[in-house]
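Below: one structure, written as structure tokens.
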């Protein structure tokens, strides 16, 4: 049984601001270790739940955060960018379950910690069929395209609730609680890892109870940029409509939307 794990960093226990999230931050190296430990906890839980093969996607920032020598050597790891399926690269219909680790809430969620969607510096809003989407929602749609249910998610309370409200009763490991956008009450690392292991085990065991997430297509993606020039340039592409100075629209399958987002984010957006 194959399990796919997509790991971000903003939802790791203790993360509250950029000092933990970027290589220049004074706590970044330590939080790479905490992120890796949370992934290892999820791997252990998934195996206890019956997983025999595991693929992990390093889905934060550079995609080069997880410490390879500290991971089990019998897994496979997806690293760096660009990749057509973004944070879900490597998933297909051979997987039985997906797990989201260290996730954060959407840019529209005022109760989230370091909340944003895809890029806090580039995008102001990401909507599919008129609904504000988190990365968890988008990635669940990608998993659902292949018939794979999301069975477990970890992160802050707002992030877990946001995705659970959309997908249904998945296993949620809440590792911290909102004080402000850049402040939290948090579990200690080992306590968070224990919780993640328990929830991953339970989620994988419940995989047949949980349904893949699906929205009837075609899907309409609205991307609202922080600045107007990226919207201007992206709208030159065929099949892209410019709705206003900052917003473009693209219609397609979730796989086409994923590739469009990767292109839109990979193209120089600082112009």
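Residue numbers (my numbering): 317 to 587.
Where is the CB? At the ideal position from N, CA and C, for every residue including glycine.
The alpha carbon of residue 522 has as its nearest neighbour, out of 484, 423 and 554, the alpha carbon of 484. Contact between residue 551 and residue 567 is ruled out by a C-beta separation of about 14 Å, above the 8 Å threshold. The stretch 536-544 and the stretch 496-507 do not touch, with fewer than three beta-carbon pairs separated by less than 8 Å. The stretch 421-432 makes no contact with the stretch 402-410, as fewer than three CB pairs between them are under 8 Å. Within the same chain, and ignoring the five residues on either side of residue 452 in sequence, the residues whose Cβ sits closer than 6 Å to its Cβ are 416, 419 and 479. Residue burial annotation: residue 433 is buried, with at least 16 other C-beta atoms found within 10 angstroms of its C-beta. Straight across, the Cα-Cα distance linking residue 512 with residue 488 is about 8 Å. In terms of Cα proximity to residue 536, the closest of 570, 344, 340 and 412 is 570.
Taking residue 392 as the centre and dropping the five residues before and after it, the same chain places the C-beta of 371 closer than 6 Å to its C-beta, in chain order. For the pair residue 461 and residue 444, the Cα-to-Cα distance works out to about 15 Å. Here residue 353 is buried, its C-beta having at least 16 other C-beta atoms within 10 Å.
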